[in-house]
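Each protein sequence line maps, in turn, to chains H and X. If you use the numbering used here, the first sequence corresponds to residues 1 to 150, in order. If you use the numbering used here, the second sequence corresponds to residues 151 to 233, in order. Note that the Cβ used here is the ideal one computed from N, Cα and C, for glycine as well.
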Amino acid sequence: MIRVQQEDFDVGAEIARLTAGNRAIGGLALFVGLVRDMADREKIGAMTLEHYPGMTEKKLAEIEAEAQRRWPLEASLIVHRYGRLEPGDNIVLVACASPHRDAAFDACRFLIDWLKTEAPFWKLEETGAGPRWVDARDSDDRAKKRWVAD
Amino acid sequence: MKLMYFAWLRQKIGCGGEERALPAHVATVEQLLAWLDTLGPGYRAALADRKSIRVAVNHEYVGAEHPVKQGDEVALFPPVTGG
């Protein structure tokens with residue numbers, strides 16, 4: 001399941017809804033991304049996440065379908081926020097449930113790594129020197145490439 | 151053609167999107183960027199660093215040689231930074 005939303009999410013409630021009634025699930029792995037108050041040793045006041053409505057949902061659905069093709073998942077969920085967020089706020093939730101833990105862990109890691117290089121979101125940070133667009137990281141590209149040869 | 155701009159491309163061009171009639175000589179992404187580059191200083195500033203621009207045609211990532219046509223939705227944006 002995919003959701004792109006401005007409002008916050010409740011991790012406990014999301015997990016409860018995702019696993020409700022499914023007794024085949026033996027393991028659930030999740031990743032939650034939060035807003036840091038530091039970037040490149042600079043203090044961040046807040047950030048604004050911009051996205052491309054339509055393409056965002058399409059890319060997230062494709063990435064989720066790819067994870068379900070690669071691993072025996074019983075359930076999966078991606079929730080990504082947009083708009084203005086402050087340090088400590090939730091940005092993204094990725095959860096994968098499977099009969100066994102390996103698939104849940106691997107699929108969860110795969111989803112966040114791919115999402116970071118494929119889903120059309122952009123972060124604008126508020127710094128002491130003014131607003132600044134976050135640059136894409138080479139480490140994110142490398143993290144994604146780990147999954148390409150699979 | 152529907153053109154969409156995001157992040158610093160949107161700021162430099164000065165709008166988030168626009169409708170444009172495609173000139174007859176524009177048939178690929180590369181030709182589209184070259185044509186947009188002639189439309190004014192904002193476009194020129196936004197398109198100066200081509201390797202920092204990603205292009206999506208109808209919500210799919212494409213390369214410079216990909217064809218474009220009048221009914222397409224073409225988006226220009228920097229490398230993504232979500233998650």
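Nearest chain H C-beta to residue i closer than 8 angstroms, yes or no?
i: Thr188 (chain X); result: no
i: Ala225 (chain X); result: yes
i: Ala206 (chain X); result: yes
i: His216 (chain X); result: no
i: Ala157 (chain X); result: yes
Between residue i and chain X, is the shortest Cβ-Cβ distance under 8 angstroms, so that the two count as touching?
i: Gly33 (chain H); result: yes
i: Val148 (chain H); result: no
i: Lys158 (chain H); result: Not covered by the structure: residue 158 (chain H). The range shown for chain H is 1 to 150.
i: Val79 (chain H); result: no
i: Met38 (chain H); result: no
i: Leu115 (chain H); result: yes
i: Val92 (chain H); result: yes
i: Met1 (chain H); result: no
i: Leu49 (chain H); result: yes
Measure the C-alpha to C-alpha separation of residue i and residue j and round it to an integer number of angstroms.
i: Pro173 (chain X); j: Ala184 (chain X); result: 12 angstroms
i: Thr127 (chain H); j: Glu86 (chain H); result: 12 angstroms
i: His100 (chain H); j: Glu62 (chain H); result: 23 angstroms
i: Phe9 (chain H); j: Val79 (chain H); result: 8 angstroms
i: Trp71 (chain H); j: Val94 (chain H); result: 15 angstroms
i: Ala196 (chain X); j: Ala75 (chain H); result: 42 angstroms
i: Ala104 (chain H); j: Asp113 (chain H); result: 14 angstroms
i: Asp40 (chain H); j: Val179 (chain X); result: 34 angstroms
i: Leu159 (chain X); j: Val205 (chain X); result: 12 angstroms
i: Asp187 (chain X); j: Ala13 (chain H); result: 49 angstroms
i: Arg36 (chain H); j: Gln5 (chain H); result: 20 angstroms
i: Ala129 (chain H); j: Gly45 (chain H); result: 11 angstroms
i: His51 (chain H); j: Ala119 (chain H); result: 8 angstroms
i: Ala171 (chain X); j: Met151 (chain X); result: 6 angstroms
i: Val32 (chain H); j: Asn90 (chain H); result: 7 angstroms
Put residue i into one of helix, strand or coil per three-state DSSP.
i: Leu183 (chain X); result: helix
i: Glu169 (chain X); result: strand
i: Gln189 (chain X); result: First, the amino acid is wrong: residue 189 (chain X) is Leu here, not Gln. Three-state result, Leu189 (chain X): coil.
i: Trp122 (chain H); result: strand
i: Gln161 (chain X); result: helix
i: Trp114 (chain H); result: helix
i: Gly232 (chain X); result: coil
List, in order along the chain, the chain H residues whose C-beta lies closer than 8 angstroms to that of residue i?
i: Pro173 (chain X); result: Those do not exist, as Pro173 (chain X) stays about 25 angstroms from chain H at its closest Cβ, beyond 8 angstroms.
i: Met154 (chain X); result: Tyr52
Run through chain X and tell me which residues come within less than 8 angstroms of residue i, C-beta to C-beta.
i: Ile112 (chain H); result: Gly233
i: Asp136 (chain H); result: It is worth fixing the name first, because residue 136 (chain H) is Ala in this sequence and not Asp. The answer, in chain order, is Pro228, Pro229, Val230, Thr231.
Which chain B residues are close to residue i, counting only those with a beta carbon under 7 angstroms from its beta carbon?
i: Phe121 (chain H); result: Among the chains of the structure shown, chain B does not appear; the protein chains present are H and X.
What does residue i touch in chain X if you count any residue whose Cβ is under 9 angstroms from its own?
i: Trp133 (chain H); result: Ala157, Trp158, Gln161, Pro228, Thr231
Measuring from the CB of residue i, is there a heavy atom of the ligand PLP at a distance below 7 angstroms?
i: Leu226 (chain X); result: As presented, the structure is devoid of all ligands, the ligand PLP included, so that no description of it is given.
Complete runs of the alpha helix (DSSP H) confined to the stretch 26-74 of chain H [at least 4 residues]: 55-70
Entirely enclosed beta strand (DSSP E) segments - the stretch 77-105 of chain H, minimum 3 residues: 83-85, 90-98
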